[in-house]
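Below is one structure, written out as structure tokens; the observations come after it.
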Amino acid sequence: MAKITFVDHSGESRTIDVENGATVMEAAIRNGIPGIEAECGGACACATCHVYVDEAWREKVGAPSPMEEDMLDFGFDVRPNSRLSCQIKVSDALDGLVVTTPERQA
42 MAKITFVDHS
52 GESRTIDVEN
62 GATVMEAAIR
72 NGIPGIEAEC
82 GGACACATCH
92 VYVDEAWREK
102 VGAPSPMEED
112 MLDFGFDVRP
122 NSRLSCQIKV
132 SDALDGLVVT
142 TPERQA
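Numbered continuously in the numbering used here, the sequence shown closes out at residue 147.
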């Protein structure tokens, strides 16, 4: 199990416990985290679960796949640390992960 902190665009943070094997998006939806819409349900077919990975976590989370990069092209205010939360699998190695949601989803 890992603790993940979601920070919204205004700076408000929420920390939740997430079971290993779930995605960051699934955890956000289950816990009512604002700013994650997940219109495609986690199929990497939209960009409505876009998050910014805190710089301290970028290497551990890893780079987006080519398919994810293609979907990020549809995201709002995409940055070098942008990821789709449906593509980040939770493990003990991500305990303490911090992600920020953009001001709006695409």
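Don't be surprised by glycine CBs; every beta carbon is placed ideally from N, CA and C.
Neighbourhood of residue i by C-beta, 6 angstroms cutoff - its chain only, sequence neighbours within 5 removed
i: residue 138; result: 45, 98
i: residue 78; result: 89, 146
i: residue 50; result: 144
i: residue 56; result: 44, 46
i: residue 87; result: 80, 81
i: residue 59; result: 43, 45, 68, 131
Proximity below 7 angstroms, CB of residue i to CB of residue j
i: residue 134; j: residue 101; result: yes
i: residue 43; j: residue 111; result: no
i: residue 109; j: residue 85; result: yes
i: residue 72; j: residue 132; result: no
Residues near residue i by beta carbon distance below 8 angstroms, same chain, minus five either side
i: residue 91; result: 113, 116, 117, 119, 123, 124, 125, 126, 142, 143, 146, 147
Identity of the residue in the options nearest residue i by Cα
i: residue 128; options: 55, 48, 50, 64; result: 64
i: residue 95; options: 75, 121, 67; result: 121
i: residue 103; options: 130, 47, 58; result: 130
Outcome for residue i when other beta-carbon atoms lying within 10 angstroms are tallied against a minimum of 16
i: residue 80; result: exposed
i: residue 76; result: buried
Spatial neighbours of residue i in its chain, beta-carbon cut-off 7 angstroms, leaving aside the 5 residues before and after
i: residue 83; result: 64, 66, 67, 127
Uninterrupted beta strand (DSSP E) stretches inside the stretch 56 to 103 (no shorter than 3 residues) = Every beta strand (DSSP E) stretch that sits fully inside the stretch 56 to 103 and reaches 3 residues is listed by chain position as 91 to 94.
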